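Scroll down for the structure; my scribbles are underneath it.
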Amino acid sequence: MMAAADHKARGNAAFQLGHFAEAIDCYSLALDRDGDPAWNAAILCNRAFARLQLDSPDEAALAEGDCSSVLLLDPVNIKALFRRAQARMVLGNLTDAKADLESIVAMEPGNPQANASLDIVRVQLAAQTKNGMFNPEFQAQLLNNTAQVRVLPPAAPLRLKSPRQDKANATKSHRYNEDFAEALRQCSIVAHNEAQSHATRDQEVAKAAWDDLQALELTVTKSARGLSKQVNKHAKRVPTQAKPLVTSTAQPAPIKAHTDALWAQLLEDERKTRSVYKSKSKASHVSRVFSTVDAYRLTDQFARRHIGAGEEDTAVMLQKIGVNSIEELIGKTVPSEIRLTKPLDLPEALSESQAFAALKKIASQNKTYKSFIGAGFNDTLTPFVIKRNVLENPGWYTAYTPYQAEVSQGRLEMLLNFQTMVSDLTGFPVAGASLLDEATAAAEAMALCNGAFNGKRAKFFVSRDVHPQNLAVLETRAEGFGIELVVGNPLTDLDFSTKEYSGALLQYPNTFGSVEDYTKLTDAAKANQSLVVVATDLLALTHLKNPAEFGADIAVGSAQRFGVPLMFGGPHAGFIATSEKYHRKLPGRIIGVSKDSRGERALRMAMQTREQHIRRDKATSNICTAQALLANMAASYAIYHGPDGLRKIAARANLFAATLAAGVRSHTKATLVHDHFFDTVEIDLAGSGLSGTDVQRRANAHEINVRVISDSRVSVSFGESAELSDVGKLLYALGATEVVSAAALDALKPAAAKVQASSIPASLQRTSPFLEHRVFNSKHSETELMRYLKSLEDKDLALNTSMISLGSCTMKLNAVAELEPVSWPEFTNVHPFAPEDQTLGYLEMIDTLHKALAEITGFAAVSSQPNSGAQGEYAGLLAIRAFHKANGDHHRNVCLIPVSAHGTNPASAVMAGMKVVVVKSDDSGNIDRVDLEEKAKKHAHELGAFMITYPSTFGVFEEGVKDMCDLIHKHGGQVYMDGANMNAQVGLCNPGGIGADVCHLNLHKTFCIPHGGGGPGVGSIGVAAHLAPYLPGNPVVLTGGEGNHVVKKANLAVSAGPFGSAGILPISWMYIHMLGEQGLVKATSHAILHANYMAKTLEDHYDIVFRGKNGTCAHEFIIDIRPFKAHGIVEEDVAKRLQDFGFHSPTMSWPVVGTLMIEPTESENLAEMNRFCQSMILIRQEIEDVVQGKIAVEDSPLKHAPHTVDVVTANSWDRKYSRTQAAFPAPWHNEGKTKAFWPTVGRVDNVFGDRNLVCSCPPLDSYIEE
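So for the sequence shown, full-length UniProt numbering puts the first residue at 1; every next one is plus one.
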């Protein structure tokens, strides 16, 4: 039976989530379990508070009873008195409520809540008297000037601010603000009481009261902007001069008559205005977002911290745009046919502290047992210096992908370190800057092998002992490419001589821990021109011969165990490395060494012509977002430990495996399956009398996990945090009669040493050096690494420096409150294949997140397995393909894609086995409806899907989108919506309502997961009910998304982890739950407001290329730089010059070449947006100087930008412009006094870098001083 404390805790959690009825039930159960009076008092107060939230007179009466019960035991219980007063206010028992509140104030004179409520009760009681301004009979008398005014004794002054005291409040949106109306009503009563009490005061005090009343009327007149005419009409009754007041008791009548009459008229005007407003907004719920806030709410509300513009900023922007309200702007921007007609059904917004507590409660359900499961996910220790200075540092996690190399040299250097680390350990000269995970990397390598033979060798061999998740992702990918997978024992079943195989995938060490020598196999592959891919473990390669040395062609794997937590499966940095022969076919990003305009060494992303945004439907990979932040952590880990430190960590893991192996032989009846291993031991239970389930149960009893392979086999994998006592517990789990003692374990050490000596065959022991570069041998103290990380951070421009207005990238705030849970051990220390009863917290968090995302998108189910937006596209198209095949429509493989689509769209379609047909755009940037209809009809029999980005890639809400969806459905196709621009939809419209069947969401854009300098990302997909059965699965932990009609399955996997990058999903959970429905709508509305304000500000200086039919844009807009090309100025010049002003460039030349696309997001304030706009205007003046011939284009600061410190401080200066203009072009730089950021390199030479590819750290001899 559950204890009372548990019921109370559950009640508190339910209350925090807004589930008040459930909270009441839990509190009632707690009362049934415990009879302690003090305990019951607390629960009764909590239950009363929950009852009050239900806004029901019946519940209020019950709440009053709860509080009265408490007060019988404790008459001075402040909480009970206050909540009983609240209940009595609801019930209309104002006199008793007043008595309760006065009791509180007597005990705590400074209690703000009690004082505020007491003021309200006094006002309401006054309104019920004969002189009360809402007494109908008295109002009639006032209007007829027949009222008899009764003198009241001086009342206690009200504490609420008047509009006079809070002018800013009084002048903004008061027509729709009930707080304003209440404050105005109370101020009228204050003035009335002041006037009535004049008889007991002297003439001077009475005159002051009269002056106050006149000042109040003047403020009301000025503040009621829309009602000013009506106010002025009634103000004529006010005497033009202050008159001395006499002591006659009849004198206040004109004062009160005028005040109440004025208020009555204002109230009537307010009522009429509100009525008209409501009639206009029946189909819109946006206005609710900008209404009053409960005075009792906690003050740490998230919306005001996330949304940059306050009320004053908002008013300025609306005026600039030329609209009266945000509602009007949204009405002009978003087509009415797609607008939501009711609010999203989401929980009420939680404050930061409430959300923190609610998620902590969920996370506490996870059991963080020590993991010995392995299977590609290993226990590791994240150095605190890396955790604090990289993972939790906004200078690293808020940066964008380093397309602008000059302001990205820090993370480019660390990614180069990552490539060097991978290159050294695998033995291959070329390595990429990370992939999404090991399974994805293996699939990319398979595609590379297939492409090397132009698809003519249709088979690809996969060893049966690869990690199961790797095989599952390969199976998914192979189908789209038409590759036949053959799975078997590579040493006995693989015959390269048939020349049917493009390549083979081996696991080294294999998934069960065995280390095999594949030299003969790689020799055979080379003899038949086939390629060999090796999935490997970087830590193992510190002791094992590297893949290049035994003849492999490609190495892939995960860098997770280099300091990146388990995180329930991700995010983790995958890697790929190969020989120079295949470097131009390598998927993903590569960091290369080039030079800048000064001739100095500079880094950049190399060979971008390989990438999907260039190759589009000719690409063999859609990889876009990678795992830069996690790659940087892994590289930092290698730098911190150095080669010797890594060898020690690896040797220790190997020793623990050897110790367990020795113990299995001496303390159990189980046997070892193999003798050669690195860190993982496979055990046969046949002679032990135990099953795999028995072993897991015995292990769980000591809070450890092992991998259950089958009923008769288990494996144990050792990581960095293993301790000798763990071996004793493991041996018990494997059949020892008890936990093996420390003394017995000490006795095992000699045997363990012998086992370790033979665990790696001599032929496979590494002899080649690695990580010889200076960076890996000079930063082993925390001080050194901390300073190195800081030096790199300072080279980069991230969101903690200034706005990053990249169009289609949504670089919004990544709030600390959202990110904090990511570091909780309840989330970091959970293995993705841990038993379900240990992962209940993760499962609940994911389920509640996906329910919210399903509601937001209008879909039935959601999966977050895709690790990037591009992978989300791929998974969504796979669901469409699977749906068609299930219906027998195997022939439906044509995908219509607009020419303006992101490059990942056609690449994803090809990967899913579809044929791309391009749809034209019209002159306005919209989809050419005629061309779409013609192609839909032409391909009606084969039509599988239509991919559309909405709002469009041009930043416009296209009209007729529902008709386009209907057209596709009419011809048998499905509609895929690219969710890249979802930040303009949330709460206003949704893909499901528009007519889409599937949509991916970039959680790293719309839902606040940081970009991390190029990853991690999450590309969750939402699907309609008929596609829900085809969401991605996993072979180890059967899954299939969350929601309605989902089917758990082992196939259709797109990522290694069952739930993708589950470790960062708490970020989006916090974002949604802290904003709630109204906050989400407000965020979307402000994203649109900010973009339109900036477009309006810049339109007199640059051409705005595309706008909607009413002249507005969505959440982003495009400015045209093409007109200046005739004068030698291109978009790159503007982008680089912006760096001198301290800003990252907007998106260059996409979706239109020669343009810049700007997206400010809702998180920026007006001052920052104005600084950016002013920078663009100043740059426009510099362009005009070139146009007018005032300076030659080659001499312009635009062509020499960015300017580094050493350039502007050089002894000689021969430029045609001043040093000040070069270095401090903005007025807010104060000629250098306040400049916060400097690019550290000049403009990078991209062509030189591609022609002279260097993608690892310089060799050791380059550091030798002459």
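The C-beta atom is built at its ideal place from N, Cα and C for all residues, glycine as well. From a predicted model like this one, the values you see are computed outputs, not experimental measurements.
Residue i, enclosing alpha helix (DSSP H) - first and last residue
i	result
T904	T904 to M911
I846	L840 to T857
F418	Q409 to T426
S781	It is not in any alpha helix (DSSP H) - S781 carries neither H nor E in the DSSP assignment.
H1200	P1197 to H1200
Contact check, residue i vs residue j, beta carbons under 9 Å
i	j	result
I1009	M964	no
H467	A439	yes
A650	A753	no
N867	G427	no
L878	M317	no
I373	F678	no
V918	V894	no
F550	T578	no
G876	I968	no
Own chain, CB closer than 7 Å to residue i, minus 5 neighbours either side, in chain order
i	result
W1213	R1219
L797	V407, H1144 and F1237
I330	V286, L988, S1085 and I1088
K1049	G1033, L1038 and G1040
V755	A658, A661 and A662
P1146	S805, L806, G807, L1156, M1157 and I1158
V822	G1063, I1064, P1066 and I1067
Three-state secondary structure assigned by DSSP to residue i
i	result
T299	coil
F656	helix
K1049	strand
C449	helix
S710	strand
L1260	Because L1260 carries a pLDDT of 38, less than 50, the predicted location of this residue cannot be relied on, and the following value inherits that uncertainty. Helix, per DSSP.
M607	coil
Y508	strand
A747	helix
R1219	helix
E484	strand
D684	strand
N1246	helix
Y501	strand
Beta-carbon proximity list for residue i, same chain, < 8 Å, skipping 5 on both sides
i	result
R1107	V956, A1095, C1113 and F1117
S791	G410
G692	L685, V708, I709, S710, D711, S712, R713 and V714
Y1217	I1191, D1195, S1196 and P1197
L870	The sequence as given places Ala at residue 870; Leu does not occur at that position. Once the five neighbours on either side are set aside, the close Cβ partners of A870 are Q612, N622, I623, C624, T625, T904, A907, S908 and G1019.
P565	T380, T382, T828, N829 and G1063
Cross-strand partners of residue i (DSSP beta bridge)
i	result
L544	Q765
C895	V916 and A945
N990	Paired residue(s): none; N990 is not in a bridge.
G955	Looking at the DSSP assignment, G955 forms no beta bridge with any residue, so it has no partner.
N366	T839
M1148	L1156
D679	In the DSSP output, where bridge partners are listed per residue, D679 has none listed.
Limits of the beta strand (DSSP E) - the one that residue i falls within
i	result
D978	Q974 to D978
F718	Run containing F718: none; DSSP gives neither H nor E here.
T536	L531 to D537
Cβ-based neighbour list, residue i, same chain, cut-off 6 Å, excluding 5 preceding and 5 following
i	result
R1122	G1154
E793	G395 and G410
L54	F20
Proximity test, Cβ basis, 9 Å: residue i and chain B
i	result
P347	Among the chains in the structure shown there is no chain B, since it carries only a single protein chain.
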